[in-house]
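**Student:** Quick one: this structure, given as C-alpha cells, is what I'll be asking you about.
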Amino acid sequence: MGKLAITGGKPLRTKPFTQWPIATKAEAAALKDVLQSTRWGGQPFPGKHAREFADKFARLHTAKYGQCVNTGTVAIQAALKAIGIQPGDEVIVPAYTWEGTVGPVLLVNAIPVFVDVDPDTYCLDARLIEKAITPKTRAILPVHLGMRFADMDEILRIAAKHNLKVVEDCAHAHGGKWKGKGAGSMGDLGAFSFQTSKLITSGEGGAVITNNLEYLELVQSYINAGRASLTDQFKKRIIGFNYRLGEFQAAVLGAQLKRLPKEGAIRQKNMKRLESKLKNAEAIGLLKPDPRITSLAPYGYVMKYFADKAKDVPRAAFVAALQLEGVHCDGLFYEPVYKSSLFPVDPTDFPALSWGREKPLDLRSMYSCPQSEKAAYHEAVWFPHQHFLGPNKDVDDIVDAIHKVLENIEELRGLDHKAIRNQRLGRADRES
Ligand SMILES: Cc1ncc(COP(=O)(O)O)c(C=O)c1O
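Numbering of the sequence shown is given in our numbering, commencing with residue 14 and proceeding in unit increments.
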C-alpha cells in the first residue's frame, strides 16, 4: 500500500467540487415564463427569449448580430453556408480540437485541411497556415481552444492576403476578448456551443454572431427551413432546415448569461492562484500567457505534463492518480481529429473527397501533426472549468493533489492499473 490513493492510500479530497451546470431561481423563473406563454417553439421565428438572448450575446462579444441555433455543430455549418462554402472547397482546421469543428466542413461536402497547433497555445498555428493554402482554399476555421485564442492578428492578415473567409469556432470562448474584441466578432462569423459542459449552457444549443447583415440573413434562412430572414434585405434564398432553438433553452441561456461575467472573474482569480502555486513544479508546464487576451474565457484549465521530468511515468498514470485523489481531470481530452475513433470518415459519404482524383483522399492517413499528437497523447492535462468556481480551498486542493502525486510518482512506475485503462478508454463515451 502506498501513499497515493491509486496505490491504496487515503485520497486527498473526497468533497465534490462545484457541480455543473448550475441551476438557480433565475432559470426556474425564466422556464415558467415560457411554460405559461405557450410559445415554446423556435417558430414563430425567433421566440422572445431567443431574440433577447441572441442580441445580448452578440453585444457581449462586440458583434452586431446574433442568432440562436440548436447546436454548436450547426452553428459552424450555418456559418460555412453563409460564407458560401461550396462542395469541394477546402477549409483549414486545427488538427487538435473536438470532432465537432471538422464534421460541419464535411457536412457541406467541403474538405477539411488539417494544420498543426502552436505548442504555446494548443490553438491553430498561424505560422503553418500559408503552407496549407491551395487554389481550392476558401476559409480558415480557427478554434479558440481551452483557455487561449488562436492568433487572430496573423489569421486575419493571412486571410486578407489570400482572400479567404474566417469562421471562429468559439465553443470554448464565451465572454472571451482579444485586444478588446469579442470572440467570434473578428472573423466573418463566430460559432458558439451551449452544450452541457460549456461556460453557459442550455443542455444543447448554439449561436452564430457576425457583423455582416447578409451573413445573418443567410444563417437565419438556413436554420429556419429556408424561410426569409427577419429583415430580408438581400432576398437571397438557400435551402434550409429546422435547426431552431426552442424557447425553453433560450430562457435558460438568458439566465446564465447574466452570471457569465461574475463566474468568469472567479475562474480567472482562481486560475491565477493555481499558477502562482505551481511555478516550481518541474514536471508541469503552463501555457504561455498572451497579453492580447484581454478577457480570459477558460472552458478548461489546460496545463502540460512532462513525463521525462517525472521519472518517465506516462500521463495516463498521472491523470488516473489525480482522479483518485479526488480531482477530476482528463488527459486524452481531444485527439488529433484525423486519428480519432470518432472520425471514421468514409469517402462514399462525402463525394468531394474523390472528385478529380484517382483515389479518394484518405483523411485518416495523410496527416501527421506532431504538436497535436504530443498534446493529445502525452502532454496536455485538462481540468474542468467548474473546479475553479469555488473557494480558495478548492484550488489549494488541486495544487496539493498535483504535488502529492509528483512527490510520490515512484509509486506509479510500471503500474498496469484498471483506472489507467478506464481513463484511456473513456473518451468515446464521454460527453463532448
Ligand atoms: C471546439 C468545439 N467545436 C464545436 C463543438 C460542437 O458543439 P456542439 O456539441 O454543441 O454541437 C464543440 C462542443 O461540443 C467544441 O468543443
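Think of the CB as a built atom: it goes at the ideal place given N, C-alpha and C, for glycine as much as any other residue.
Which residues share a DSSP beta bridge with Leu-299?
**Tutor:** Met-316
**Student:** In the DSSP assignment, what residue or residues form a beta bridge with Glu-103?
**Tutor:** Ile-124, Thr-150
**Student:** Between Ala-241 and ligand 1, is there a pair consisting of the residue's CB and a ligand heavy atom that are separated by less than 7 Å?
**Tutor:** no
**Student:** Write down the C-beta distance between Leu-141 and Val-128 rounded to the nearest angstrom, noting that I regard them as a contact closer than 8 Å.
**Tutor:** 5 Å
**Student:** Going by Cα to Cα distance, which pick from Leu-258, Leu-231, Tyr-256, Val-115 is closest to Lys-249?
**Tutor:** Looking at the Cα atoms, Leu-231 is the closest of the given residues.
**Student:** Extract the residue ranges of the beta strand (DSSP E) inside the region 182-212, only unbroken runs of 3 or more that lie entirely within it.
**Tutor:** Every beta strand (DSSP E) of 3 residues or more that sits fully in the region 182-212 is shown, in chain order, as 202-206.
**Student:** Name the two residues that bound the continuous alpha helix (DSSP H) containing Val-47.
**Tutor:** 38-50
**Student:** Run the CB neighbour count on Leu-48, radius 10 Å, all protein chains shown included, and call it buried at 16 or more, exposed below.
**Tutor:** It counts as exposed.
**Student:** Does Thr-20 come out as helix, strand or coil in the three-state DSSP assignment?
**Tutor:** helix
**Student:** Please state the DSSP three-state secondary structure of Gly-15.
**Tutor:** coil
**Student:** Expressed to the nearest angstrom, what Euclidean distance is found between the alpha-carbon atoms of Val-130 and Gly-218?
**Tutor:** 27 Å
**Student:** Identify every residue that forms a DSSP beta bridge with Leu-137.
**Tutor:** In DSSP, Leu-137 forms a bridge with Val-130.
**Student:** Smallest Cα separation from Val-266: which of Pro-29, Lys-352, Pro-357, Thr-37?
**Tutor:** It is worth fixing the name first, because residue 266 is Leu in this sequence and not Val. Looking at the Cα atoms, Thr-37 is the closest of the given residues.
**Student:** With a threshold of 6 Å on Cβ separation, who are the neighbours of Arg-377 within its own chain once the five nearest residues in sequence on each side are excluded?
**Tutor:** Tyr-351
**Student:** Suppose the cutoff is 8 Å on Cβ atoms and the five residues either side in sequence are ignored; what does the same chain contact list for Val-358 look like?
**Tutor:** Leu-119, Leu-366, Leu-376, Arg-377
**Student:** Could you check whether the region 68-77 touches the region 134-150, counting it as contact only if at least three pairs of C-beta atoms, one from each stretch, sit closer than 8 Å?
**Tutor:** no
**Student:** From the DSSP output, read off the bridge partner residues of Val-219.
**Tutor:** One point to set straight first is that residue 219 is Gly, not Val, in the sequence displayed. Paired residue(s): Val-82, Ser-206.
**Student:** What residues in its chain sit with their C-beta under 6 Å from that of Ile-178, if we drop five residues either side in the sequence?
**Tutor:** Correcting the residue identity first, residue 178 is Lys in this sequence and not Ile. Same-chain partners within the cutoff: Ile-96, Ala-152, Asp-201.
**Student:** Around the Cβ of Arg-370, are there at least 16 other Cβ atoms within 10 angstroms (buried) or fewer (exposed)?
**Tutor:** Sixteen is the threshold: since fewer than 16 other Cβ atoms of the shown chains lie within 10 Å of the Cβ of Arg-370, the residue is exposed.
**Student:** Measure the C-alpha to C-alpha separation of Asp-133 and Leu-212 and round it to an integer number of angstroms.
**Tutor:** Taken atom to atom, the span from the alpha-carbon of Asp-133 to that of Leu-212 is near 23 Å.
**Student:** Which ranges would you report for the alpha helix (DSSP H) in the region 322-386 if only whole runs of at least 4 residues count?
**Tutor:** 328-337
**Student:** Cβ of Gln-56 within 7 Å of any heavy atom in ligand 1?
**Tutor:** Checking every heavy atom of ligand 1 against the Cβ of Gln-56, none is found closer than 7 Å.
**Student:** Just to confirm the assignment, what range does the beta strand (DSSP E) spanning Ala-393 have?
**Tutor:** 393-397
**Student:** Output the boundary residues of the alpha helix (DSSP H) element that contains Ser-308.
**Tutor:** Element bounds for Ser-308: not the alpha helix (DSSP H) but the beta strand (DSSP E), 306-308.
**Student:** Residues in the same chain with beta-carbon distance under 7 Å from Asp-46, minus the five sequence neighbours each way, listed in chain order, please.
**Tutor:** Ala-264
**Student:** Would the beta-carbon of Val-82 be found less than 7 Å away from any heavy atom of ligand 1?
**Tutor:** no
**Student:** Quick one: residues in its chain with C-beta nearer than 8 Å to the C-beta of Glu-444, no 5 flanking neighbours on either side, listed in chain order?
**Tutor:** The pLDDT assigned to Glu-444 is 47, lower than 50, so where the model puts this residue is not dependable, and the model offers no usable value.
**Student:** Among Lys-387, Phe-261, Gln-336, Gln-281, whose alpha-carbon lies nearest the alpha-carbon of Arg-52?
**Tutor:** Phe-261
**Student:** Please work out which residues of its chain come closer than 6 Å, Cβ to Cβ, to Gln-281, disregarding the five sequence neighbours upstream and downstream, and give them in chain order.
**Tutor:** Leu-309
**Student:** Does ligand 1 have a heavy atom nearer than 7 Å to the CB of Glu-386?
**Tutor:** no
**Student:** Grouping DSSP H, G and I as helix and E and B as strand, with all else coil, what is Lys-178?
**Tutor:** strand
**Student:** Can you give me the start and stop residues for the alpha helix (DSSP H) that Leu-451 sits inside?
**Tutor:** A question about residue 451 goes unanswered here, because the residues of the chain that appear run from 14 up to 445.
**Student:** For Tyr-256, which three-state DSSP category applies?
**Tutor:** Residue state, collapsed to three classes: coil.
**Student:** Return helix, strand or coil for Ile-411, following the three-state DSSP convention.
**Tutor:** helix
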